[in-house]
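Residue numbers (my numbering): 1 to 149.
Right, here's the structure in full:
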């Protein structure tokens, strides 16, 4: 009977309804994410370019009886967030004098202020700037009392 060649790595790519991308990996040997991605073809790597390179979640999964019978020993799931390409401004529900902006990391404070002149008034004070998933930065601005009227 001839030997049947079984793959040592099985990757399932799932696009989630919330926009996230999930890689479900079954492997015969322990592999980290970098080694898994090295085995991707050019098209798969290009498609991954739409997502933040840092996974937002890693879970160790459970193997089915069939997967174990096929020789797989490891199961991992990595979840990635889509990259933020367009900035968006939101008025805070809790603090009406605050505007939150989610923008690509490459945008500067000046660019944010120019793009969202209606939402971020000239006298608004920057309260916080923090890194977010998806290659984004969160900006929190508060109107000054002089411009809040």
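Even for Gly, the Cβ is constructed at its ideal location relative to N, Cα and C.
Return the residue from the list 66, 81, 45 that minimises the CA-CA distance to residue 57. 81
Among 144, 135, 41, whose alpha-carbon lies nearest the alpha-carbon of residue 52? 135
Per-residue DSSP class, three states only, for residue 138: Residue 138: strand per DSSP, three-state reduction.
Tell me which residues share the same chain as residue 4 and place their Cβ nearer than 6 angstroms to its Cβ, disregarding the 5 neighbours each side in the sequence. Its pLDDT being 44, under 50, residue 4 is placed unreliably by the model, and nothing is read from it.
Note down, in chain order, each residue of its chain lying with its Cβ closer than 6 angstroms to the Cβ of residue 25, except the 5 sequence neighbours on either side. 11, 36, 76
Whose C-alpha, out of 89, 85, 27, 112, is nearest the C-alpha of residue 69? Considering only alpha carbons, the answer is 27.
Proximity below 8 angstroms, CB of residue 84 to CB of residue 55: no
When you compare each of 21, 130, 93 to residue 109 by their alpha carbons, which one comes out closest? 130
Under the three-state DSSP convention, the category residue 38 falls into: Here residue 38 sits in helix by DSSP.
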